[in-house]
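I have placed the structure first, in the form of structure tokens, so that the comments after it can refer back to it.
There are 2 protein chains.
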Amino acid sequence: MKHIFFAAIAALALCVSCQQQAAQPSALDVIMSRYSVRSYTGEKVTEAQLETLLRAGMAAPSGMNQQPWRFVVVNDPETMDAMTPWGADTWKAAGTVIVVCGKTTMGENNDANPLWEADCAAVTENILLAAKAIGLGAVWNACYPFFQDKTREALGLPEDVTPYSIVPVGVEQGSEQPKDKWDPEKIHRNKW
Amino acid sequence: MKHIFFAAIAALALCVSCQQQAAQPSALDVIMSRYSVRSYTGEKVTEAQLETLLRAGMAAPSGMNQQPWRFVVVNDPETMDAMTPWGADTWKAAGTVIVVCGKTTMGENNDANPLWEADCAAVTENILLAAKAIGLGAVWNACYPFFQDKTREALGLPEDVTPYSIVPVGVEQGSEQPKDKWDPEKIHRNKW
Numbered sequence: 007m008k009h010i011f012f013a014a015i016a017a018l019a020l021c022v023s024c025q026q027q028a029a030q031p032s033a034l035d036v037i038m039s040r041y042s043v044r045s046y047t048g049e050k051v052t053e054a055q056l057e058t059l060l061r062a063g064m065a066a067p068s069g070m071n072q073q074p075w076r077f078v079v080v081n082d083p084e085t086m087d088a089m090t091p092w093g094a095d096t097w098k099a100a101g102t103v104i105v106v107c108g109k110t111t112m113g114e115n116n117d118a119n120p121l122w123e124a125d126c127a128a129v130t131e132n133i134l135l136a137a138k139a140i141g142l143g144a145v146w147n148a149c150y151p152f153f154q155d156k157t158r159e160a161l162g163l164p165e166d167v168t169p170y171s172i173v174p175v176g177v178e179q180g181s182e183q184p185k186d187k188w189d190p191e192k193i194h195r196n197k198w
Numbered sequence: 007m008k009h010i011f012f013a014a015i016a017a018l019a020l021c022v023s024c025q026q027q028a029a030q031p032s033a034l035d036v037i038m039s040r041y042s043v044r045s046y047t048g049e050k051v052t053e054a055q056l057e058t059l060l061r062a063g064m065a066a067p068s069g070m071n072q073q074p075w076r077f078v079v080v081n082d083p084e085t086m087d088a089m090t091p092w093g094a095d096t097w098k099a100a101g102t103v104i105v106v107c108g109k110t111t112m113g114e115n116n117d118a119n120p121l122w123e124a125d126c127a128a129v130t131e132n133i134l135l136a137a138k139a140i141g142l143g144a145v146w147n148a149c150y151p152f153f154q155d156k157t158r159e160a161l162g163l164p165e166d167v168t169p170y171s172i173v174p175v176g177v178e179q180g181s182e183q184p185k186d187k188w189d190p191e192k193i194h195r196n197k198w
């Protein structure tokens, strides 16, 4: 009886530990269920959450291993207003935005890096997925090629750093269903 | 005694079910530990794996909800050779490549879609992460803006569809450690 009792306790302890692991959503679930969040409660992200998002961003692949990403985290509403000609209401509601920027040159001769945009896009997607993974809402706002000069000026960016995307991150107000975008007709085999 | 016995059995059953869930890697683990895979065993991906990767790709966000992504899955070695001026050895070793393409125009007037590249990059990152999540290796090979005309010709793509990235997917030969790219000096607050 004593043995069975200890076995039960051990199984329960193991199970609790499993549950804690299972509480982290799987990568496929996050990828498939992520959607753009544009309504926020106003509760701000914590420094720990922000670091997770930035770590996820910097884990992106990069062409020629240039890691050209740079970040400006903005929570000042006046700065947000100055960054865009289109109104910063969503950003102010979220409370925090991550401006994903790219260093557009590389090497000793400051050659153009043809892949800085691709790298910044990968960073942006990683941040969106990480936000979903930790229960936050976020959305990809394209800055480049629309109003990068205004954002650059508001943030005082150097000439060789271009703001690429602006990602508000916050606590979602309400919830939505992800779009079903699966379309097998978009898949071809060996030839178009 | 009977009750304790049944409790133990129930806890064990629950635990097995938890373990099965936990076997799916978490989103953050996958994002942080993904790396570029260039060595493959030659074992080919299955149709079910391929569908998971393509579903993950199509779950990406897209500017103005254009969903401009198109895919050509290539497993024919001669086609691979014809797609690039740089040699297709890695692709042939993986056995399968996914060519992520973008429709570069939109709407009734065939206006240029300024966000097709960003969308294709998000698709590519999703595919890389999904590959890692299901235990496959993959790497982002930039096609655009380097040799898109050669790939377009080899695949017979329409004029308004541009090949963006080429992602070999397969079973990794060996294993590596992900790069540590975390660099807090790349983070600024409110101003550069």
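Top to bottom, those sequences are chains A and B.
Heads up: the first sequence is residues 7 to 198, going by the numbering used here.
Heads up: the second sequence is residues 7 to 198, going by the numbering used here.
All C-beta atoms in this analysis are idealised placements derived from N, C-alpha and C, irrespective of residue type, glycine included.
N-terminal and C-terminal residue of the alpha helix (DSSP H) that residue i is part of
i, result
"Cys-126/A", "122-139"
"Ser-39/B", "33-39"
"Thr-157/A", "154-161"
"Arg-61/B", "53-64"
"Thr-85/B", "83-89"
Presumed contact (8 Å Cβ cut-off) between residue i and residue j, rounded CB distance
i, j, result
"Asp-125/A", "Ala-66/A", "6 Å"
"Ile-172/B", "Val-105/B", "5 Å"
"Pro-184/A", "Arg-44/A", "Not really, about 14 Å apart at Cβ, beyond 8 Å."
"Trp-97/A", "Pro-174/A", "5 Å"
"Gly-176/B", "Glu-53/B", "Contact doesn't hold; Cβ gap of about 14 Å is too wide."
"Cys-107/B", "Arg-76/B", "4 Å"
"Lys-197/B", "Gly-162/A", "5 Å"
"Thr-85/B", "Leu-56/B", "Rounded, the Cβ-Cβ distance is 16 Å, inconsistent with contact."
Within chain B, the residues that residue i reaches when beta carbons sit closer than 8 Å
i, result
"Phe-153/A", "Under the 8 Å cutoff, chain B gives no residues; its nearest Cβ is about 12 Å from Phe-153/A."
"Thr-58/A", "Leu-34"
"Arg-40/A", "Ala-65, Pro-67"
"Glu-131/A", "Ala-66, Pro-67, Ala-127, Ala-128, Glu-131, Asn-132"
Interface residues of chain B facing residue i [CB-CB closer than 9 Å]
i, result
"Trp-92/A", "Residues of chain B passing the Cβ test: none, with the nearest at roughly 14 Å."
"Thr-85/A", "Asn-196, Lys-197"
"Glu-123/A", "Glu-123, Ala-124, Ala-127"
Minimum Cβ-Cβ distance from residue i to chain A less than 7 Å
i, result
"Ala-118/B", "no"
"Lys-50/B", "no"
"Gly-176/B", "no"
"Pro-169/B", "no"
"Gln-30/B", "yes"
"Trp-146/B", "yes"
"Arg-61/B", "yes"
Within chain A, the residues that residue i reaches when beta carbons sit closer than 8 Å
i, result
"Val-79/B", "Ile-193, His-194, Arg-195, Asn-196"
"Ala-139/B", "Ser-32, Ala-33, Leu-34, Ile-37"
Close Cβ partners of residue i (< 6 Å) along its chain, the five nearest in sequence each way excluded
i, result
"Thr-157/A", "Met-89, Cys-149, Pro-169"
"Asn-79/B", "For the sequence presented, residue 79/B should be read as Val rather than Asn. Excluding sequence neighbours, Val-79/B sits near Ile-104."
"Gly-63/B", "Val-129, Asn-132, Ile-133"
Interface partners of residue i on chain B, CB under 7 Å
i, result
"Asp-82/A", "Asn-196"
Chain-ordered chain A contacts of residue i [CB-CB under 9 Å]
i, result
"Gly-108/B", "Those do not exist, as Gly-108/B stays about 11 Å from chain A at its closest Cβ, beyond 9 Å."
"Met-89/B", "In chain order: nothing, as chain A lies at least about 11 Å away."
"Ala-99/B", "Those do not exist, as Ala-99/B stays about 18 Å from chain A at its closest Cβ, beyond 9 Å."
Close-in-space but distant-in-sequence residues of the same chain around residue i (CB under 7 Å, 5 per side omitted)
i, result
"Ala-144/A", "Val-43, Ile-133, Leu-134, Ala-137, Val-173, Pro-174, Val-175"
"Ala-100/A", "Tyr-46, Pro-174, Val-175, Gly-176"
"Arg-195/A", "none"
"Thr-111/B", "Asp-117, Ala-118, Asn-119, Asp-166"
"Pro-31/B", "Ala-139"
"Ala-160/A", "Thr-85, Ala-88, Met-89"
Proximity test, Cβ basis, 7 Å: residue i and chain B
i, result
"Thr-76/A", "Note on residue identity: the sequence assigns Arg, not Thr, to residue 76/A. True, the Cβ-Cβ gap to chain B drops below 7 Å."
"Leu-142/A", "no"
"Thr-157/A", "no"
"Gly-162/A", "yes"
Unbroken beta strand (DSSP E) run spanning residue i, endpoints
i, result
"Trp-97/B", "No beta strand (DSSP E) holds Trp-97/B; the alpha helix (DSSP H) holding it covers 95-100."
"Pro-174/A", "167-176"
"Arg-76/A", "75-80"
"Arg-44/A", "Premise fails: Arg-44/A is in no beta strand (DSSP E) and is neither H nor E."
Residues near residue i in its chain [Cβ-Cβ closer than 8 Å; skip 5 each side]
i, result
"Gln-27/A", "Unreliable positioning characterises Gln-27/A in this predicted model, as indicated by a pLDDT of 49, which lies under 50. A coordinate reading is not provided."
"Pro-91/A", "Phe-153, Lys-156"
"Gln-72/A", "Lys-109, Met-112, Asn-119, Leu-121, Trp-122, Asp-125"
"Ala-94/B", "Pro-83, Met-86, Asp-87"
Minimum Cβ-Cβ distance from residue i to chain E less than 7 Å
i, result
"Ala-127/A", "No chain E appears in the structure shown, which is made up of the protein chains A and B."
Residue i CB to nearest heavy atom of the ligand PLP below 6 Å
i, result
"Gly-48/A", "As presented, the structure is devoid of all ligands, the ligand PLP included, so that no description of it is given."
Interface residues of chain A facing residue i [CB-CB closer than 7 Å]
i, result
"Asp-73/B", "With the sequence shown as reference, residue 73/B is identified as Gln, and Asp is not the correct amino acid for it. Within chain A, the residues near Gln-73/B are Lys-187."
"Ile-37/B", "Ala-62, Ala-65, Asn-132, Leu-135, Ala-136"
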